[in-house]
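Residue numbers (this note's numbering): 253 to 527. Beta carbons: idealized from backbone N, C-alpha and C, even for Gly. Since the model is a prediction, treat every value here as computed from it, not as a measurement. Working notes, beginning with the structure itself.
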């Protein structure tokens, strides 16, 4: 299994990220959030407050841009508690070839910047310069567990048929089998997911999924290793459907990806301030 180390928030500079093309459709790569960001509060003495100081957030950018070159490795079966699943998958892409793995890493960088401005310690499960593939789904969960994260989020975009559109947040269901026991995190993960869904919808304008969740933008699953094996509050978010032209136009927009990151950030901040 390639690389199990945590990726500290400050290891990859924005210049390095831009150099490897973290954008699509001619838009700029993720950039540091400006000083006037509404998510950053200011104290009476003029210094930026740090309401999340002491909090740890783990961001899991779904898939890996190198996965397609390592099919044997990612197809290896791993234990997810109540069964076995592939180590990882390649993810999907838009019809124009913008890969889900590029999208998830771009949004992860934007989200990291927003959360760090709030004082949080942020770690990624993988980053540029890291493993050529993976990590496996069980390792992604383990990274959040070992960090004792106060919250964890796995970022994705869906590959459903055209016409299916909208976002949804995936919550862990109750699993108590093998090495999995999600019972302690089901409640707090739902709280986290509801806050993320509400703020994501408000900030991005993206509608709730019209094909999963019956309009609630929430889905509960017990077959995802990244959730089954988590011991910390964790959710997945499918930000939209890459195979739908309307959603694809948003997902390939750097401006919209910044809104997506802000929506996630505000939901996470709300959750952590109450926890």
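Closest Cα partner of residue i within the set the options
| i | options | result |
| --- | --- | --- |
| residue 415 | 467, 476, 471, 461 | 461 |
| residue 343 | 418, 484, 498, 323 | 323 |
| residue 500 | 333, 352, 340, 311 | 352 |
| residue 493 | 440, 320, 356, 514 | 356 |
| residue 334 | 506, 432, 466 | 432 |
| residue 516 | 449, 425, 508, 478 | 449 |
| residue 508 | 348, 458, 420, 345 | 458 |
| residue 346 | 503, 374, 307 | 503 |
Distance CB(residue i)-CB(residue j) smaller than 8 Å
| i | j | result |
| --- | --- | --- |
| residue 476 | residue 390 | no |
| residue 410 | residue 490 | yes |
| residue 392 | residue 311 | no |
Assumed close pair residue i, residue j - CB separation to whole angstroms, cut-off 8 Å
| i | j | result |
| --- | --- | --- |
| residue 451 | residue 518 | 4 Å |
| residue 484 | residue 445 | Their Cβ separation, rounded to whole angstroms, is 13 Å, which puts residue 484 and residue 445 out of contact at 8 Å. |
| residue 360 | residue 376 | 6 Å |
| residue 340 | residue 386 | 5 Å |
As assigned by DSSP and simplified to three states, the class of residue i
| i | result |
| --- | --- |
| residue 464 | coil |
| residue 304 | coil |
| residue 473 | strand |
| residue 495 | coil |
| residue 428 | strand |
| residue 370 | coil |
| residue 309 | strand |
| residue 338 | strand |
| residue 358 | helix |
Per-residue burial, residue i [other beta carbons within 10 Å of its own, 16 or more giving buried]
| i | result |
| --- | --- |
| residue 305 | exposed |
| residue 428 | exposed |
| residue 313 | buried |
| residue 316 | buried |
| residue 293 | Residue placement at residue 293 cannot be trusted, given a pLDDT of 46 that sits under 50; what the coordinates show is reported in the next sentence. That one is exposed. |
| residue 526 | exposed |
| residue 478 | buried |
| residue 276 | At residue 276, the pLDDT of 41 sits below 50, so the modelled position is not reliable and the matter cannot be decided from this model. |
| residue 468 | exposed |
| residue 436 | exposed |
Within-8 Å CB hit, residue i to chain C
| i | result |
| --- | --- |
| residue 303 | No chain C appears in this structure, which consists of one protein chain only. |
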